[in-house]
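Note that the protein sequences, when read in sequence, are chains A and B. Letter 108 of the first sequence, counting from 1, is numbered 125 in the working numbering, and no numbers are missing. Letter 106 of the second sequence, counting from 1, is numbered 108 in the working numbering, and no numbers are missing. Using N, Cα and C, we set each Cβ at its ideal position, and we do this for glycine too.
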Amino acid sequence: MRKKGGNSDNKLIFIGFILGIVALVIFLIFQFVSNALDDTTYWRMYYSKDAGTMISLADSGRGVFDLSYNTINAEKPLAFELHNNSMIQIYDIYQNSRQKDDTTFRFISDNHSEIEPSKIYSPYFNIQVTKKKVSLSTMPLRRDICDTPSTKKTPADTKIFIHTDIKDNGFLKFQFQKKLTDKGFIIARSENEEGINLSLVIIKGSDDKSISFFYKDNVRRSKKLSCIITNNYISSFPDTIYNSRFEKLNPNSDYNKYFVNSDDELVIITKNLEPDTVDNYIQGVMEYYE
Amino acid sequence: MIPKLIFLGIAITVIVVFTMLFIVNKIDTEILELEVIYNKLLYSNNGISYYDADTDRTRLGIIDLDRFNQTIINQSMIYDGSRYAAKLSLANKVVYYPNQNLYDNLKPLEGLKGSSGVASMERGFKVGYINNSVLSQSVLTIKVLRLRS
Numbered sequence: 018m019r020k021k022g023g024n025s026d027n028k029l030i031f032i033g034f035i036l037g038i039v040a041l042v043i044f045l046i047f048q049f050v051s052n053a054l055d056d057t058t059y060w061r062m063y064y065s066k067d068a069g070t071m072i073s074l075a076d077s078g079r080g081v082f083d084l085s086y087n088t089i090n091a092e093k094p095l096a097f098e099l100h101n102n103s104m105i106q107i108y109d110i111y112q113n114s115r116q117k118d119d120t121t122f123r124f125i126s127d128n129h130s131e132i133e134p135s136k137i138y139s140p141y142f143n144i145q146v147t148k149k150k151v152s153l154s155t156m157p158l159r160r161d162i163c164d165t166p167s168t169k170k171t172p173a174d175t176k177i178f179i180h181t182d183i184k185d186n187g188f189l190k191f192q193f194q195k196k197l198t199d200k201g202f203i204i205a206r207s208e209n210e211e212g213i214n215l216s217l218v219i220i221k222g223s224d225d226k227s228i229s230f231f232y233k234d235n236v237r238r239s240k241k242l243s244c245i246i247t248n249n250y251i252s253s254f255p256d257t258i259y260n261s262r263f264e265k266l267n268p269n270s271d272y273n274k275y276f277v278n279s280d281d282e283l284v285i286i287t288k289n290l291e292p293d294t295v296d297n298y299i300q301g302v303m304e305y306y307e
Numbered sequence: 003m004i005p006k007l008i009f010l011g012i013a014i015t016v017i018v019v020f021t022m023l024f025i026v027n028k029i030d031t032e033i034l035e036l037e038v039i040y041n042k043l044l045y046s047n048n049g050i051s052y053y054d055a056d057t058d059r060t061r062l063g064i065i066d067l068d069r070f071n072q073t074i075i076n077q078s079m080i081y082d083g084s085r086y087a088a089k090l091s092l093a094n095k096v097v098y099y100p101n102q103n104l105y106d107n108l109k110p111l112e113g114l115k116g117s118s119g120v121a122s123m124e125r126g127f128k129v130g131y132i133n134n135s136v137l138s139q140s141v142l143t144i145k146v147l148r149l150r151s
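Here's what the structure looks like:
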């Protein structure tokens, strides 16, 4: 009997050991994939080499080379710098302590054209190569094609919680709530209410050329909403936004207190939060649930 | 017990390899970069090719032998790094870009596999060259080296 018990203990230890290894491997794979998805190394390398070789070739010609370029495929907004020693340097605009690296690419340029050093923080810009110089110029954001996960819901079944910048004494919050109620949505008076479908925190930021979105959990749905809102904003105020940021909300952020029990949660930090821009957000929410 | 562990090892390796395969984090632009340098050496403004000021055109396949020298080639293009080097040979004349030292340093690494090696491309084609206002024919050979790391 003792022998049998010993065998079964060994078996349990063995199974525990196997499960431990499998759990560790799965955890490491998830960690690796998550880092890879969050990392912009590939796109930094891609854009630096792509633009560098293109400028290098265009520089050999005698005509004027004008190219509308963009870095929209990168997971995060990228800064694009052109240095006068024929070097392109690309890095994340919003770097964290873990990823503070940049990618550089030195290309061969022609002596006859001077390289005008520039820093570009917009994903859209223009590369111009003439006989005399190589220069970059920023272009405003353009409408994007949004992801389409199903988010259809009738306004009567949709409860929304809105929090706006406290500096406006609740005036904008009232505007949001009134307009959403007019469209048939249910308004949650507190973030602690049950059954909230969408929680929005809308803050006026100091950066006057960008709009930032921070999601809590659901990436695809949050991305769809942020894309719709950005598109509406661009349609209403073209040539005003040069950069858009979409990132996971920091778990230590103060805004987490507004996201208690909701299906979708989004913090929006925008350049222009005035009464006439409220309609863009309302329209965005309506399109999101259409 | 041991066969089970071996099986587990194989299963984990397969999963890890497949995961790695689906994550692309490298771009191989070696051939493209060699091609770009090769074409720049040929077509650059104020470079070795004959430039017709009347039509503002660089003539492909006609080399101005007066301009086929180290000074002109270094003046025509700027390169601040140490990854690329090239050797151009025409009618018993040899010039290097950006300089012979860099070319000689990279040359022994040619063909070496891995990130410390040097990739190379050599091409030759018939060109006409103008020497003392006389048009002759010869083969222009360009060898480009690129350090991988």
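| query | result |
| --- | --- |
| Close Cβ partners of A/Met18 (< 7 Å) along its chain, the five nearest in sequence each way excluded | Only weak support exists for where A/Met18 lies, its pLDDT of 47 falling under 50; the coordinates are left without a value. |
| Assigned exposure category for A/Phe178 - 16 Cβ within 10 Å defines buried | buried |
| Short Cβ contact (8 Å threshold) for B/Val97 with B/Gln72 | yes |
| Under 8 Å between C-beta atoms of A/Ile124 and A/Ile72 | Reading the sequence as shown, one finds Phe at residue 124 of chain A and not Ile. Yes, the Cβ-Cβ distance between A/Phe124 and A/Ile72 is below 8 Å. |
| Start-to-end residues for the alpha helix (DSSP H) that takes in A/Ser312 | Nothing about residue 312 of chain A can be read from this structure; chain A reaches only from 18 to 307. |
| Buried or exposed by the 16-neighbour rule on C-beta atoms within 10 Å, applied to B/Asn62 | Here residue 62 of chain B turns out to be Leu, not Asn, going by the sequence shown. Exposed is the call here. |
| Cβ-based contacts, 8 Å cut-off: residues of the region 36–47 of chain B near chain A | Val38, Ile39, Asn41, Lys42, Tyr45, Ser46, Asn47 |
| Residue-level contact to chain B via CB, A/Thr168, 8 Å cutoff | no |
| Chain-ordered neighbours of B/Gln102 on chain A, where CB pairs are closer than 8 Å | Those do not exist, as B/Gln102 stays about 17 Å from chain A at its closest Cβ, beyond 8 Å. |
| Under 8 Å from the C-beta of B/Val18: neighbouring residues of chain A | Val42, Ile46 |
| Beta-carbon proximity list for A/Thr88, same chain, < 6 Å, skipping 5 on both sides | Tyr64, Leu95, Pro140 |
| Residues, ordered as in the chain, of the region 67–101 of chain B that lie near chain A by beta-carbon distance below 8 Å | Gln77, Ser78, Met79, Ile80, Tyr81, Asp82, Gly83, Arg85, Tyr86 |
| Below-8 Å beta-carbon distance, A/Arg206 vs any chain B residue | no |
| B/Gly119 in three-state terms, based on DSSP | coil |
| Beta strand (DSSP E) segments (min. 3 residues) lying fully within the region 35–77 of chain B | 51–54, 59–66 |
| Residue environment, A/Asp281, which counts as buried when at least 16 other CB atoms sit within 10 Å | buried |
| Reference A/Thr171, options A/Phe34, A/Tyr306, A/Ile286, A/Asp296, closest by Cα | A/Tyr306 |
| Interface partners of B/Asp30 on chain A, CB under 9 Å | Under the 9 Å cutoff, chain A gives no residues; its nearest Cβ is about 10 Å from B/Asp30. |
| In chain order, each beta strand (DSSP E) run of at least 3 residues that lies wholly inside the region 107–146 of chain A | 119–123, 135–137, 141–146 |
| Beta-carbon neighbours of B/Asn107, restricted to chain A and to distances below 7 Å | Chain A residues near B/Asn107: none, gap ~17 Å exceeds 7 Å. |
| Chain B contact for A/Met18 (CB, 8 Å cutoff) | In this prediction, A/Met18 has a pLDDT of 47, which is less than 50 and means its spatial position is unreliable; what the coordinates show is noted afterwards. With 8 Å as the cut-off, A/Met18 does not count as an interface residue toward chain B. |
| Through-space distance from A/Ser243 to B/Gly126, alpha-carbon basis | 55 Å |
| With 16 other Cβ atoms within 10 Å as the buried cut-off, status of A/Arg237 | exposed |
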